[in-house]
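**Q** Pasting a structure here, questions to come.
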Ligand code: SAM
Ligand code: SF4
């Protein structure tokens, strides 16, 4: 039975866990979910205690950073308790505890997140326009999200804005969003839409390559490549006009798998070794079995042996099937 640090057969050390705590969400973003999503019954979802034990197993195998995600993590009622308990591992194996959120519930939780040891949150926001927000998320909640961002900054949390670039939806608005984010001292990262799950729309109609966005931006501003690296797939540029940092995540136009340091676990305890593949291993069975410590260690070894070299996303033409028939809200982005 192995108990060493997690590393895969390509020599990549796995130090980053993205842990989904729920598949539920209060929004229905058009690129993430179908309008009528069916959510999991509660008994399928890991309990707070199971999530904590699972996280501890990863920390004991060298995971230094955990990002809590979903669905929308803040719609899970006991998520703050989990975050507080994981916060207790900060400085004891865990170096960073973060959260990705749509910010609609952040007003209520920002101060408690800060008190639990969270320093930074990623907020997903694709527009600052009420009508576009409603069209993209199928909900009227922009003011809630903006209030959540205000509260997070007031509580002293560092906020990074993640924006999915979408053809015909927010292309023209991106420069104004960059000015807004940088003006408030927030870094921003642009993301290409990935073909995950059937969302009732053709991905080709949503897909806007970031190479095109970059051309738009370079026509008006000077962008300088930044040496900044955060161990993730983002490549950064400094925007001279705003003085801020802009990240680009380009799964389609650039493959970013060489330096992959992460795995994802769903709220039902399925570990996905790659966002773009369906292969998974059931950690819940190990957790709920007769010898969780042994079985979890074996399952994690197996996961490392099966982590693929790279994803295979492709939206080069219309009418293609999803790369993985699993929604982003399942694996948590
Ligand atoms: N609900 C939270 C949120 O929106 O921040 C956390 C979960 S959400 C699935 C995580 C991230 O995945 C969000 O930034 C969202 O924009 C992104 N996302 C969802 N579906 C995507 C897709 N098909 N392609 C690219 N990004 C996607
Ligand atoms: Fe919910 Fe986040 Fe998916 Fe939007 S991207 S539907 S906020 S999980």
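Residue numbers (the numbering used here): 19 to 351. Positions of the beta carbon are idealized from the N, C-alpha and C atoms, including for glycine. Given the structure is predicted, the values throughout are model-derived calculations rather than measurements.
Ignoring anything shorter than 3 residues, give me the beta strand (DSSP E) runs that lie fully in the segment 31-119, in order along the chain.
**A** 34-38, 83-87 and 114-119
**Q** Pick helix, strand or coil for residue 159, following the three-state DSSP scheme.
**A** If you number the chain shown from 1, residue 159 lands on position 141. Coil at residue 159, not helix or strand.
**Q** From the DSSP output, read off the bridge partner residues of residue 136.
**A** Numbered from 1 along the chain shown, position 118 holds the residue referred to as residue 136. Residue 136 is not bridged to any residue.
**Q** What ranges does the beta strand (DSSP E) occupy inside the segment 234-262, keeping only unbroken runs of at least 3 residues that lie completely in it?
**A** 241-243 and 253-257
**Q** Between which two residues does the alpha helix (DSSP H) containing residue 313 stretch?
**A** For the purposes of this step, residue 313 is taken as residue 295 along the chain shown, with counting starting at 1. Its alpha helix (DSSP H) spans residues 310-324.
**Q** Nearer than 7 Å: is that true of the beta carbon of residue 106 relative to any heavy atom of ligand 2?
**A** Here residue 106 refers to the residue found at position 88 when the chain shown is read from its first residue. Every heavy atom of ligand 2 is 7 Å or more from the Cβ of residue 106, so no.
**Q** Within 10 Å of its beta-carbon, does residue 29 have 16 or more other beta-carbons around it, so buried, or fewer, so exposed?
**A** Here residue 29 is taken as the residue at index 11 of the chain shown, counted from 1. Exposed.
**Q** DSSP three-state label for residue 205, please.
**A** Taking the first residue of the chain shown as 1, we reach residue 205 at position 187. Three-state result, residue 205: strand.
**Q** Just checking residue 180 against ligand 1 - is the residue's beta carbon closer than 7 Å to any of the ligand's heavy atoms?
**A** By one-based count along the chain shown, residue 180 stands at place 162. Correct: residue 180 has its Cβ closer than 7 Å to ligand 1.
**Q** Put residue 22 into one of helix, strand or coil per three-state DSSP.
**A** Residue numbering aside, residue 22 sits at position 4 when the chain shown is read from its first letter. Residue state, collapsed to three classes: coil.
**Q** How long is the line joining the alpha carbons of residue 151 and residue 182, rounded to whole angstroms?
**A** Taking the first residue of the chain shown as position 1, residue 151 is located at position 133. Taking the first residue of the chain shown as position 1, residue 182 is located at position 164. Taking the straight line joining both Cα atoms gives about 12 Å.
**Q** Which value, in whole angstroms, describes the spacing of the CA atoms of residue 302 and residue 313?
**A** By 1-based counting over the chain shown, the position of residue 302 is 284. By 1-based counting over the chain shown, the position of residue 313 is 295. Just so you know, the alpha carbons of residue 302 and residue 313 end up roughly 10 Å apart.
**Q** Hey, residue 88 and residue 41 are a contact pair by Cβ (cut 8 Å); roughly how many whole angstroms apart?
**A** Here residue 88 is taken as the residue at index 70 of the chain shown, counted from 1. Here residue 41 is taken as the residue at index 23 of the chain shown, counted from 1. Indeed, because the Cβ distance is near 7 Å, the residues count as touching under 8 Å.
**Q** Using only CA atoms, which one of 307, 194 and 251 lies nearest to residue 231?
**A** Here residue 231 refers to the residue found at position 213 when the chain shown is read from its first residue. Taking only the C-alpha atoms, the option nearest residue 231 is 194.
**Q** By how many angstroms is the C-alpha of residue 48 removed from the C-alpha of residue 213?
**A** Within the chain shown, numbered from 1, the residue matching residue 213 stands at position 195. Within the chain shown, numbered from 1, the residue matching residue 48 stands at position 30. So the two alpha carbons sit approximately 12 Å from each other.
**Q** Helix, strand or coil for residue 28? Go by DSSP, reduced to three states.
**A** Here the question's residue 28 lines up with position 10 in the chain shown. Residue 28: coil per DSSP, three-state reduction.
**Q** Looking at residue 134 and residue 101, is the spacing between their C-beta atoms short of 8 Å?
**A** Numbered from 1 along the chain shown, position 83 holds the residue referred to as residue 101. Numbered from 1 along the chain shown, position 116 holds the residue referred to as residue 134. Cβ distance < 8 Å, so residue 101 and residue 134 count as in contact.
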